[in-house]
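Student:
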Amino acid sequence: MPSSMSGCAQKIWSVRSNNHLQITTQKATIPLMKYLVSTFVILVICSCSIFAQQKDQTRLSDTLKNYSAYKRKLSFAGVLQTRYVLALDKNIDINGKNFNPDASKAVTNSFLVKRARIMVKGDINDHFSANILANLAEFNSDPTNKVLENAYIKYSLNQYFHIQAGQFRPFFGIEDVMAVDIIRTLDFSNQYYAFGKNGWQSFQTGLSVFGNVIPGGKIRYFAGTYNGNNKNQSTDDNNTKNLYARLETDLIKDFTLGLNAGTGSLASSSIGQAYGADATAKITLSKKFDILLMAEYKKGANFLAYNADKQVVRPDLTEYQMQGFYFFPTLRYNHQSRRLRAVEFSCRYEYFDENYKLASNPRQTLIPNVSLIFADDFYAALQVGVAIDRFKNQVPLTTTYSRNLGYVQLQIRF
Numbered sequence: 052m053p054s055s056m057s058g059c060a061q062k063i064w065s066v067r068s069n070n071h072l073q074i075t076t077q078k079a080t081i082p083l084m085k086y087l088v089s090t091f092v093i094l095v096i097c098s099c100s101i102f103a104q105q106k107d108q109t110r111l112s113d114t115l116k117n118y119s120a121y122k123r124k125l126s127f128a129g130v131l132q133t134r135y136v137l138a139l140d141k142n143i144d145i146n147g148k149n150f151n152p153d154a155s156k157a158v159t160n161s162f163l164v165k166r167a168r169i170m171v172k173g174d175i176n177d178h179f180s181a182n183i184l185a186n187l188a189e190f191n192s193d194p195t196n197k198v199l200e201n202a203y204i205k206y207s208l209n210q211y212f213h214i215q216a217g218q219f220r221p222f223f224g225i226e227d228v229m230a231v232d233i234i235r236t237l238d239f240s241n242q243y244y245a246f247g248k249n250g251w252q253s254f255q256t257g258l259s260v261f262g263n264v265i266p267g268g269k270i271r272y273f274a275g276t277y278n279g280n281n282k283n284q285s286t287d288d289n290n291t292k293n294l295y296a297r298l299e300t301d302l303i304k305d306f307t308l309g310l311n312a313g314t315g316s317l318a319s320s321s322i323g324q325a326y327g328a329d330a331t332a333k334i335t336l337s338k339k340f341d342i343l344l345m346a347e348y349k350k351g352a353n354f355l356a357y358n359a360d361k362q363v364v365r366p367d368l369t370e371y372q373m374q375g376f377y378f379f380p381t382l383r384y385n386h387q388s389r390r391l392r393a394v395e396f397s398c399r400y401e402y403f404d405e406n407y408k409l410a411s412n413p414r415q416t417l418i419p420n421v422s423l424i425f426a427d428d429f430y431a432a433l434q435v436g437v438a439i440d441r442f443k444n445q446v447p448l449t450t451t452y453s454r455n456l457g458y459v460q461l462q463i464r465f
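In terms of the working numbering, the numbers along the sequence shown are unbroken and rise by one, the last being 465.
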């Protein structure tokens, strides 16, 4: 009995010992497995991270080696401006010319397509780009020296230096700095068109540089040289190149001040100068109402009047001078509904004298206008207004004649 008990005890002990050993082994194995699994996961994550870093570095290295197509893209845009105009005075046509009804007939109201501009911009990479702008509406009349407006190549180094060459608008005032497809009233100012015809503004062929003077763009510079005989000319009409410079600052929030100066000639004229100053401001009255203010003054040589004077002995070019200013306030109501985004009430007053020293005949223009804006940033707008022109001295059977022109204008950007 004792011996059998002893055998049973040994078996029981053996089983207990084995079970104990197994349990001990399992307890020791579980932490080890956890450690091995954790180590494996960490190694996998590190490997993936290293691989990802190597991949990014490879891409970066590839980019640094070749910027040929970096940020390359092609974009299209345009503006279509159609209008209905009505002469509100007897014996005045839609172009403002006085006529004799007994001797001729004239058009006193008409539908017109004023602008049909197509813009193409190609970004070659982050430094080089090209821009082409054409106004297809100019095919309505003789398209000679018309249609093509912008055609230039631009190189952008950084915020401080951009250079462009080709046909473009020299920055010589507010209306040159503003986008060509945003027109808040009937048209550009009278002084803009007069200075453009004399080679000071509008589309010219040459070279320009511009950029920020200080970080953040609070002070900006514009300068350049160009032919000065207007757009789409095969060559310059003389050997003198026009020069211009503009300094612009908005150190005060929502207030921009600009100063302009230029020198140049046109055809056989001697060298003349032009100067200007302008200001823009935005005043927020409330969440719904803003006031936008624009004002500009310019004075410069009238090359066309000088070249047209056929006197044997004619005055010096400094006597053939034009000058003018305009004030353009706009009250904007931000309606912000789904279909009507804003309503603008504006009234531009302009005083312009095309030859104020030798043959002064100031022209005063008042254009009250209402704009219904159906899409932000003037992408869709309907405008209604009246252009009121008054001359100090009227010349019958010419456009130098006081008149009133009513208009309804629809413009779409895309």
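Glycine residues also receive a C-beta, built at the ideal position from the N, C-alpha and C atoms.
This structure is a prediction, so every number in the text was calculated from the model and none was measured.
#1: Measure the alpha-carbon distance for I334 versus P366 and round it to whole angstroms.
#2: Which two residues bound the contiguous alpha helix (DSSP H) that contains I225?
#3: Threshold first: 4 residues or longer. Then list the alpha helix (DSSP H) segments lying entirely within the segment 348 to 423, N to C.
#4: Skipping 5 residues on each side, what residues in its chain have a beta carbon closer than 8 Å to that of Q284?
#5: Using a Cβ-Cβ cutoff of less than 8 Å, which residues in the same chain neighbour I225 once the five nearest sequence positions on both sides are dropped?
#6: Which whole-angstrom value is the C-beta distance of Q374 and Y407, which I expect to be below 8 Å?
#7: Using only alpha-carbon positions, find the residue among L391, D305, Q210 and S320 that is nearest to P266.
#8: Quick check on R389: buried or exposed, where buried means 16 or more other Cβ atoms within 10 Å of its Cβ?
#9: With T416 and A438 assumed to form a contact (beta carbons below 8 Å), what rounded beta-carbon distance in angstroms separates them?
#10: List the residues that DSSP assigns as beta-bridge partners of H178.
#11: Where does D427 fall in DSSP's three states?
#12: Residues in the same chain with beta-carbon distance under 8 Å from Y118, minus the five sequence neighbours each way, listed in chain order, please.
#13: Are L409 and F396 closer than 7 Å when you measure CB to CB?
#14: Between A216 and L199, is the Cβ-Cβ spacing less than 7 Å?
#15: Give the list of continuous beta strand (DSSP E) stretches no shorter than 3 residues that lie fully inside the segment 266 to 340.
#16: Using DSSP with H/G/I as helix, E/B as strand and the rest coil, what is L187?
#17: Under the rule that 16 or more other beta-carbon atoms within 10 Å means buried, what is D428, buried or exposed?
#18: Among D238, N293, L139 and A274, which residue has its Cα nearest to the Cα of I214?
#19: My output table needs one value for Y135: the three-state DSSP class, helix, strand or coil.
#20: What residues are listed by DSSP as bridge partners for D440?
#21: Answer with yes or no whether the minimum CB distance from V264 to chain B is below 7 Å.
#22: If you count every other CB in all the chains shown that lies within 10 Å of the CB of T236, and 16 or more means buried, which is it?
#23: Output the distance between the C-alpha atoms of S192 and K148, rounded to the nearest integer angstrom.
#24: I need the boundaries of the alpha helix (DSSP H) containing Q242, first residue and last residue.
#25: Short check: CB of I183 to CB of G129, under 7 Å?
#26: Start and end of the beta strand (DSSP E) containing T256?
#27: For N249, count neighbouring C-beta atoms within 10 Å of its own C-beta (all shown protein chains included) and say buried if the count is 16 or more, exposed if not.
#28: Might you give, ordered along the chain, the residues of its own chain that have their beta carbon closer than 6 Å to the beta carbon of E299, omitting 5 neighbours on each side?
#29: When DSSP labels each residue in this structure, what does K124 get in the three-state scheme?
#30: Kindly indicate which residue of S320, Y206, E401 and A181 has the alpha-carbon position closest to the one of F354.
#31: Is P380 closer than 7 Å to Y295 when the C-beta atoms are compared?
#32: Would you identify the three-state DSSP class for K116, choosing helix, strand or coil?
#33: With a CB to CB cut of under 6 Å and the five nearest residues on each side skipped, what residues in its chain are close to Q462?
#34: Taking A17 as the reference, which of L163, K141, A167 and K165 has the closest Cα?
#35: What would DSSP say about V171, mapped onto helix, strand or coil?
#36: In this structure, what does DSSP give as the bridge partners for S161?
Tutor: If we stick to the structure as given:
#1: 46 Å
#2: From DSSP, the alpha helix (DSSP H) with I225 extends over I225 to V228.
#3: 354 to 359
#4: Excluding the 5 residues flanking it on each side, Q284 has same chain C-beta neighbours closer than 8 Å at N196, T256 and N278, in chain order.
#5: G309, D329, T331, M345 and E347
#6: Contact holds; Cβ gap of about 6 Å.
#7: Answer by Cα proximity: Q210.
#8: exposed
#9: 7 Å
#10: The bridge partners DSSP lists for H178 come to none.
#11: helix
#12: N176, D177 and H178
#13: no
#14: no
#15: 270 to 277, 293 to 300, 306 to 315 and 323 to 335
#16: helix
#17: exposed
#18: Comparing Cα positions, the closest option is A274.
#19: strand
#20: T416 and R454
#21: The chain labelled as chain B is not found in the depicted structure, where only one protein chain is given.
#22: The residue in question, T236, is buried, as its Cβ has 16 or more Cβ neighbours within 10 Å.
#23: 18 Å
#24: N241 to K248
#25: no
#26: Q255 to N263
#27: Buried, since its Cβ has 16 or more Cβ neighbours within 10 Å.
#28: R271 and G309
#29: Correct three-state label for K124: strand.
#30: Here the closest residue by C-alpha is S320.
#31: No, they are not a contact pair.
#32: helix
#33: Q132 and A432
#34: This structure does not reach residue 17, given that the chain is present from 52 up to 465, and the question cannot be answered.
#35: strand
#36: In the DSSP assignment, S161 forms a beta bridge with V136.
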